[in-house]
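Residue numbers (the numbering used here), protein chains in the order written: chain A, 177 to 447; chain B, 100 to 382.
A virtual CB, placed ideally from N, CA and C, is assigned to each residue, including glycine.
Model, not experiment: these values are computed from the prediction.
Step one of this worksheet: look at the structure below.
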Amino acid sequence: MIPMRKIGAIVKVTFLGGVRDRTLFGIFVLGLLLLLTIPVFSYFSMRQTTEVAAGYALSVSSLIGLLLTVFMGGNLISRDIDRKGIHTVVTLPISRSQYMIGKFIGLALLLLVSLLILYILAAIAVLLTSLQYPPSKPLQWEIYLLVGILEYIMLLVISAVSVLFNSFATSTFLPMALSLAVYCIGQSTALVKDYLTKAPEAKEISPLVSFLAKGSYYFFPNLSAFDIKNAFVYSLPVNLPYLMMVLLYGMFYTGVVMFMATFFFGRRDLT
Amino acid sequence: MKRLPLFLLVLGLCGFSFSKVDRMRQDQALPPKLLLLPSKEMTQVLSFGNEILLAQLIFFDSMFFVGSLEAPPTPQINKELYHTLDTVTYLDPYNLDSYYFAQGVMSWNRSLLEPLNALLRRGMAHRSWDWQLPLFYGFNQFYFLQRPEEAAIYLNKAYQLNPKNEFLPTLIARLYYQADETEVAIYFLEEMIRNSKSEKLRKWMSVRLQAFRIVLFLENAIDQYQERYSSQPPSLEALVENGMLKAIPADPYGGKFYLDEKGKVGSTSKFAFAPKKSAVQGK
Numbered sequence: 177m178i179p180m181r182k183i184g185a186i187v188k189v190t191f192l193g194g195v196r197d198r199t200l201f202g203i204f205v206l207g208l209l210l211l212l213t214i215p216v217f218s219y220f221s222m223r224q225t226t227e228v229a230a231g232y233a234l235s236v237s238s239l240i241g242l243l244l245t246v247f248m249g250g251n252l253i254s255r256d257i258d259r260k261g262i263h264t265v266v267t268l269p270i271s272r273s274q275y276m277i278g279k280f281i282g283l284a285l286l287l288l289v290s291l292l293i294l295y296i297l298a299a300i301a302v303l304l305t306s307l308q309y310p311p312s313k314p315l316q317w318e319i320y321l322l323v324g325i326l327e328y329i330m331l332l333v334i335s336a337v338s339v340l341f342n343s344f345a346t347s348t349f350l351p352m353a354l355s356l357a358v359y360c361i362g363q364s365t366a367l368v369k370d371y372l373t374k375a376p377e378a379k380e381i382s383p384l385v386s387f388l389a390k391g392s393y394y395f396f397p398n399l400s401a402f403d404i405k406n407a408f409v410y411s412l413p414v415n416l417p418y419l420m421m422v423l424l425y426g427m428f429y430t431g432v433v434m435f436m437a438t439f440f441f442g443r444r445d446l447t
Numbered sequence: 100m101k102r103l104p105l106f107l108l109v110l111g112l113c114g115f116s117f118s119k120v121d122r123m124r125q126d127q128a129l130p131p132k133l134l135l136l137p138s139k140e141m142t143q144v145l146s147f148g149n150e151i152l153l154a155q156l157i158f159f160d161s162m163f164f165v166g167s168l169e170a171p172p173t174p175q176i177n178k179e180l181y182h183t184l185d186t187v188t189y190l191d192p193y194n195l196d197s198y199y200f201a202q203g204v205m206s207w208n209r210s211l212l213e214p215l216n217a218l219l220r221r222g223m224a225h226r227s228w229d230w231q232l233p234l235f236y237g238f239n240q241f242y243f244l245q246r247p248e249e250a251a252i253y254l255n256k257a258y259q260l261n262p263k264n265e266f267l268p269t270l271i272a273r274l275y276y277q278a279d280e281t282e283v284a285i286y287f288l289e290e291m292i293r294n295s296k297s298e299k300l301r302k303w304m305s306v307r308l309q310a311f312r313i314v315l316f317l318e319n320a321i322d323q324y325q326e327r328y329s330s331q332p333p334s335l336e337a338l339v340e341n342g343m344l345k346a347i348p349a350d351p352y353g354g355k356f357y358l359d360e361k362g363k364v365g366s367t368s369k370f371a372f373a374p375k376k377s378a379v380q381g382k
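In structure tokens, the structure reads:
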């Protein structure tokens, strides 16, 4: 139980550090302000006000979640290294892996709380809109919950990737930029692969580009699989076994990346 | 306290310069433009998982653009609008706003009818519960493409999806007996106007509705003439001369109604406002 307690201490410090962080607070407040603009944004819709409100609310929550992950993840360990705090940590009776896992769980907890608040407020806004402008199909809140869970797991994947970059990066900027890049690549690889295999124009693309694109599809996290926003917005049926598999995939991918991160960090020269 | 006069001076200058900018901006305002979009596949990749939001933003842009036009869109603008709406519905094939808007703005332009119908087919494939899309599609089949059987299939679909639509069964029944085109168009326009939230679209459709009501009125007078004299009137003026009409009503589009060789009522305006020189062009 002692390693658990040690990790717990790191989790607590990371979580509280995140709560006190002004940048993160700023991003969070921005999210709340954006959610307040839901009625204005959806008002312009001609025939699907509630659907527009729901799509907007989910996109805002997702964007804020991403910003929180990237900023918080970028600072996670490199800040400790920059401020020499890491030297104190190294002298503590705690292994580097425990330190790293504690940092990751702290970030995950912070994201959970932030996402929970954003999703609850977004739900209230969407619900109020739907009372005034009933959607063509009734809203299915169990799908909303699923959207939130998948979004959270996706952010955990990004967090793990960010922790991995932290394990060898020497500045805070690098992990932020790289994890954002991984997010962008991860969101598009499935689309690009589909295009390459299905579109007739794709035959003219050079084999090298095609090979790289397909390679990225298997190497980078496939983040578009976690996106089921339209299922809630338009009350579409969902394929539960598939989503369960996506969920497992997200967790295992996170696990693999965390293993790599602890491996690199264990061998890093911190002096 | 020395700072206060300085602050007021800077504030005054700021206000002055802005009032100038505001006035000059009005003079130099570039004509409104539609967003220049890359291919729809590229746009989807660049949305990074926010297809619904991006589709809605692009749609709003095109809606505001059309709202800023002084006259209904020209064929060139319609072509650009089609590309935009094609992208919107590719990103989010469930977006009802864009189908509704496409039907309202593009359907009276013959060259865009096939692309518009392709959009509607995309919509019907996804929004399988929606009665409005088969209604639009069926109307286009009947009115523009003169395919009453095809139209009846889709209007029937629309009715089955929403049995509250009481006007549909009568309409479908009449389609088989060569329904009067004008009457169907009036039905359809009334339905579109009733459901429209866009002020501009409603205004344009209302002018069209007004024109079609006049056409129907003239057609009824022609029918009366035929009953009385067992022959087609040689012209609309003949209806006035024979006392069936007091005068030929004015075309709300500014044209003049006439009777073509097939005995159909037409207008020199072709039911479109003459393009004004000041009308804003697209790109």
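query                                                                                                                                                                                   : result
Throw me the rounded Cβ distance for the A:G426 and A:F402 pair, which I believe falls under 8 angstroms.                                                                               : 6 angstroms
Around the Cβ of A:F344, are there at least 16 other Cβ atoms within 10 angstroms (buried) or fewer (exposed)?                                                                          : exposed
With 8 angstroms as the limit, tell me which residues of the region 289-300 of chain A have their beta carbon closer than that to any beta carbon of chain B; keep them in chain order. : none
With a floor of 4 residues, list each alpha helix (DSSP H) that falls wholly inside the region 189-215 of chain A, ordered by position along the chain.                                 : 198-212
Can you check whether the C-beta of B:Y357 is within less than 8 angstroms of a C-beta belonging to chain A?                                                                            : no
What first and last residue would you give for the beta strand (DSSP E) that runs through B:V364?                                                                                       : V364 to S366
In the DSSP assignment, the beta strand (DSSP E) including B:L358 goes from what residue to what residue?                                                                               : F356 to L358
With three or more C-beta pairs closer than 8 angstroms as the rule, is the region 282-292 of chain A touching the region 187-200 of chain A?                                           : yes
Using 8 angstroms for Cβ pairs, my map puts A:S237 next to A:A301. What's the rounded Cβ distance?                                                                                      : Not confirmed; about 10 angstroms, so no contact.
Short of 6 angstroms in beta carbon distance, which residues of its chain neighbour A:R272, apart from the five on each side in sequence? Order them along the chain.                   : F441 and G442
With respect to the alpha helix (DSSP H) encompassing B:S197, which residues constitute its N-terminal and C-terminal limits?                                                           : L195 to M205
Quick one: give me the first and last residue of the alpha helix (DSSP H) that A:M222 is part of.                                                                                       : Looking at the DSSP string, A:M222 is not in any alpha helix (DSSP H), and its letter there is neither H nor E.
Just mark B:A217 as buried or exposed, buried being the case when its beta carbon has 16 or more other beta carbons within 10 Å.                                                        : exposed
I want to see whether chain A comes within less than 8 angstroms of B:E289, judged by CB atoms only; does it?                                                                           : no
What residues in its chain sit with their C-beta under 7 angstroms from that of A:I270, if we drop five residues either side in the sequence?                                           : K182
Using a Cβ cut-off of 9 angstroms, pull out every chain B residue sitting near A:F396, in sequence order please.                                                                        : Those do not exist, as A:F396 stays about 13 angstroms from chain B at its closest Cβ, beyond 9 angstroms.
Given a limit of 9 angstroms on CB to CB distance, which residues of the region 245-274 of chain A reach chain B?                                                                       : none
Using only CA atoms, which one of A:K390, A:A230, A:A407 and A:F439 lies nearest to A:L294?                                                                                             : A:A230
Can you pull the chain A residues whose beta carbon is under 7 angstroms from the beta carbon of B:Y193, in chain order?                                                                : N406 and Y410
Which of the residues in the region 195-220 of chain B, read from start to end, lie with their CB under 8 angstroms from any CB of chain A?                                             : L195, D196, Y199 and F200
For A:Y429, decide whether its Cβ has a neighbour in chain B, counting only Cβ atoms nearer than 8 angstroms.                                                                           : no
Counting only Cβ pairs nearer than 7 angstroms, list the residues of chain A close to B:V144.                                                                                           : S364, L367 and V368
Over what stretch of residues does the alpha helix (DSSP H) that includes B:R221 continue unbroken?                                                                                     : L212 to H225
Tell me the DSSP secondary structure of B:K382 in three-state form.                                                                                                                     : Confidence at B:K382 is low in this model, with a pLDDT of 29, below 50, so its placement is unreliable and the value that follows should be read with caution. The answer is coil: DSSP assigns B:K382 none of H, G, I, E or B.
Nearest to B:W303 by alpha carbon, out of B:L168, B:Q231, B:Y324 and B:V364?                                                                                                            : B:L168
Only counting the same chain, and skipping five residues up and downstream in sequence, which positions put a Cβ closer than 8 angstroms to that of B:K376?                             : Any answer about B:K376 is weak, because its pLDDT of 42 lies below 50 and its placement is not dependable; what the coordinates show is given next. Excluding positions up to five away in sequence, the list is empty.
What does a CB cutoff of less than 7 angstroms around B:F370 pick up in its chain, not counting 5 residues either side in sequence?                                                     : R307, A310 and Y352
Rounded to a whole number of angstroms, what is the C-alpha to C-alpha distance between B:V109 and B:D126?                                                                              : 26 angstroms
Just checking: is the beta-carbon of A:M222 within a distance shorter than 8 angstroms of some beta-carbon in chain B?                                                                  : yes
Just to confirm my understanding: we take B:E150, look at its own chain, exclude 5 residues before and 5 after, and list those with CB closer than 7 angstroms. What are they?          : Q143, L190 and D191
Apply the 10 Å Cβ neighbour rule to B:K382 and answer buried if 16 or more other Cβ atoms are within range, or exposed otherwise.                                                       : Legend: pLDDT at B:K382 = 29, less than 50; position of this residue unreliable, value from coordinates given subsequently. The residue in question, B:K382, is exposed, as its Cβ has fewer than 16 Cβ neighbours within 10 Å.
Against chain A, with Cβ distances strictly below 8 angstroms, would B:F147 count as a contact?                                                                                         : yes
For A:N406 and A:R223, what's the separation of their Cα atoms in angstroms?                                                                                                            : 17 angstroms
Counting contacts by CB-CB distance shorter than 8 angstroms, is A:L399 in contact with chain B?                                                                                        : yes
Who are the neighbours of B:Q259 on chain A, taking C-beta pairs under 7 angstroms?                                                                                                     : Chain A residues near B:Q259: none, gap ~16 angstroms exceeds 7 angstroms.
For A:I270, report the span of its alpha helix (DSSP H) as first-last.                                                                                                                  : Here A:I270 belongs to no alpha helix (DSSP H), and DSSP marks it neither H nor E.
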